[in-house]
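Residue 22 is where the sequence shown starts when you use the numbering used here, and the numbers rise one by one after that. Heads up, the beta-carbon is just placed ideally off N, CA and C, and yes, glycines get one too. None of the values given here were measured: they were computed from a predicted structure.
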Amino acid sequence: MPTTCVIGAQRGDEGKARIVDLLADEADVIVRFQGGSNAGHTVMFGGQTYRLHLVPSGIFRPEKTCVVAHGVVVDLEVLFHEIEGLRNQGFEIGRNLLVSDRAQVVMPWHRRIDQAREKSAGRQAMGTTGRGIGPAYADKVSYRGIRICDLFEPAWFEERLRLNLEEKNPILERVYGEAPLDFAQIRDAFMGHAEKIRPFVGDAVGFLHDAVAAGKRVLFEGAQAVLLDVDIGVYPYVTASNSSALGVSPGTGLPPRALDRVIGCAKAYATHVGNGPFPTEDHGAEGQRMRDVGKEYGTTTGRPRRCGWFDAVPVRFAARSNGIDALALVKLDVLRGFPSLRICTAYDTPHGRTTNLPASAAAVAAATPVYTEFPGFDEDVSGVRSFGDLPANAQGFVEAIERECGVPIELVSVGPSREQVIRRGGR
Ligand code: IMP
């Protein structure tokens, strides 16, 4: 396995974690390179369900090294909770987890400002996860961030903390009518956090360079998805990081050429949590059926996900902008029993028909999807392990997606467990 990145090719929640878990078997190192605890990664095996927010999904294989690289904004309390939960479930967490000393820390004001901003934004609310992600990245790029290495320099940390509170407390109090944060309380809490995180912290940039130079098999685990990428997503309905393969280099310190292969994950239909345009959203019985059968509720927030038909326009865009080499198409089983299946192949807009994703969120919102219909399948596909054993209509639907997106589909998942996967390798 060359160095490989797994990303979401839609709007997030494409089941990347289970694909990462599968590929992790062949990897030596698994790396989170962007996002934070806004991610909700679910892995199921051995009859158990595991949910992760920050720890890479390779953690279930103790002989591998999992890296939280500096592109991630780290909420230490969430991370501690996750480590403790994994240990309680019998997983060894020690030298197999490396947290970058350069990673930004999500501070208490980030969550508070994120939630207060959302509350006061009315119609313009983003539908964020409320985990402080936007404000944490905003501080990073406006030179106010606090990094993990800063926690080990108490005097410096206190200075940074004081500077931040002088700015953030007036915002909390005067702009949002919230209570201010207490300097001593945060200082003491974070000095405790520093000691707790210390055993996991190291030079992840150096570690990853050495790993790649030594020919180790490195797997980069994307969080969120291409349409949520801050630069190429449907702005402003995005998350604050480069939540696509574009984020690997800045988020790890590895040169762009270190990445050999990109795998995009896509559902056989489409979902979205949060606000923003979603041309193929189905508000009726079909969308509800996808939500019920596909259990489409957010891992991080529990919010019901908006559901609709597969939209080839953004997936095609994701494939081009990220150089996706292969797609993993997940949740095909959810589409069983629909009399007909649909794929959106283009948008009708006031300026004519287009197969490209418009830049403007308003233009995407105004787009009318152009559908191609396919006959559905009634057979239970959850036990199928080879593509040729799928019902002909299911095969036809998968092949149509492949054609429309211009990318080979190498994996098809037909159920939530590790083993419910059809591999179509070497295509
Ligand atoms: P934030 O990342 O919490 O700031 O939220 C910004 C947008 O990204 C919102 O629309 C969220 O619903 C969406 N988002 C963030 N993380 C995820 C994820 O892991 N899956 C799907 N959507 C996400």
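query                                                                                                                                                                   : result
How big is the Cα-Cα spacing for W177 and G143?                                                                                                                         : 38 Å
Out of H131, F338, A349 and P271, which has the shortest C-alpha to C-alpha gap to T366?                                                                                : F338
With DSSP as the reference, label H74 as helix, strand or coil.                                                                                                         : coil
Give me the Cα-Cα distance between P257 and A244, rounded to the nearest whole angstrom.                                                                                : 18 Å
I want to check one thing, is the minimum distance from the CB of L350 to the heavy atoms of the ligand IMP below 7 Å?                                                  : no
To the nearest angstrom, how far is the alpha carbon of I134 from that of P156?                                                                                         : 7 Å
Contact check, G79 vs A48 under 8 Å by CB: the rounded distance?                                                                                                        : 7 Å
Are the stretch 344 to 360 and the stretch 310 to 319 touching by the rule of at least three beta carbon pairs closer than 8 Å?                                         : yes
Which whole-angstrom value describes the C-beta separation of L450 and V27, a residue pair presumed to lie in contact below a C-beta threshold of 8 Å?                  : The question about residue 450 has no answer, for the chain in this structure spans 22 to 448.
According to the Cβ coordinates, are V88 and L107 closer than 8 Å?                                                                                                      : no
With a threshold of 6 Å on Cβ separation, who are the neighbours of T322 within its own chain once the five nearest residues in sequence on each side are excluded?     : T150
Please check the pair K237 and V50, which I expect to be a contact at CB under 8 Å, by giving their CB distance rounded to whole angstroms.                             : 6 Å
Determine the extent of the alpha helix (DSSP H) in which R39 is found, giving its start and end residues.                                                              : K37 to A45
Just how far apart, CA to CA, sit L378 and V283?                                                                                                                        : 20 Å
Return the residue from the list T24, P271, F211 and H91 that minimises the CA-CA distance to E174.                                                                     : F211
Who are the Cβ neighbours of E179 in its own chain at under 7 Å, not counting the five residues just before and after it?                                               : R208
Relative to the C-alpha of R168, which candidate in A235, E194 and V94 has its C-alpha closest?                                                                         : V94
If you draw a straight line from the C-alpha of R183 to the C-alpha of R439, how long is it?                                                                            : 48 Å
Give me the residue from Q416, Y158 and D281 with the minimum Cα distance to A347.                                                                                      : D281
Does the count of Cβ pairs from the stretch 264 to 279 and the stretch 327 to 338 closer than 8 Å reach three?                                                          : no
In the stretch 270 to 327, which residue ranges form an unbroken beta strand (DSSP E) of at least 3 residues, counting only runs that do not cross its ends?            : 282 to 288 and 291 to 293
For R123, list the residues DSSP reports as bridge partners.                                                                                                            : In DSSP, R123 forms no bridge with anything.
At a threshold of 7 Å, does V294 count as lining the ligand IMP (C-beta to nearest heavy atom)?                                                                         : yes
Going by DSSP in three states, F462 sits in which element: helix, strand or coil?                                                                                       : In this structure the chain extends from 22 to 448, so residue 462 is not present and cannot be described.
First and last residue of the beta strand (DSSP E) that includes R363?                                                                                                  : S361 to T370
Can you list, in chain order, the residues of its chain with a C-beta nearer than 6 Å to that of R324? Leave out the 5 residues immediately preceding and following it. : V294
My guess is that S262 and V251 are in contact by the Cβ rule of under 8 Å, so how many angstroms apart are they, rounded?                                               : 6 Å
Which word fits D231, buried or exposed, when buried means at least 16 other C-beta atoms lie within 10 angstroms of its C-beta?                                        : exposed
Hey, out of A384, E394 and K288, whose CA is closest to R39's CA?                                                                                                       : K288
Taking F299 and G329 to be in contact with their CB atoms under 8 Å, please state how far apart those CB atoms are, rounded to whole angstroms.                         : 6 Å
If you drop the 5 nearest sequence neighbours on each side, which residues of the same chain put their C-beta closer than 6 Å to that of T376?                          : A367
Can you tell me whether S163 is buried or exposed, with buried defined as 16 or more other CB within 10 angstroms of its CB?                                            : exposed
On the criterion of 16 or more Cβ atoms from any shown chain inside 10 Å, does R278 qualify as buried, or is it exposed?                                                : exposed
Taking buried to mean at least 16 other C-beta atoms within 10 Å of its own C-beta, is N343 buried or exposed?                                                          : buried
Within 7 Å: the Cβ of I253 and any heavy atom of the ligand IMP?                                                                                                        : no
Return the chain-ordered ranges of every alpha helix (DSSP H) run that is complete within the stretch 374 to 428 and spans a minimum of 4 residues.                     : 382 to 387 and 413 to 426
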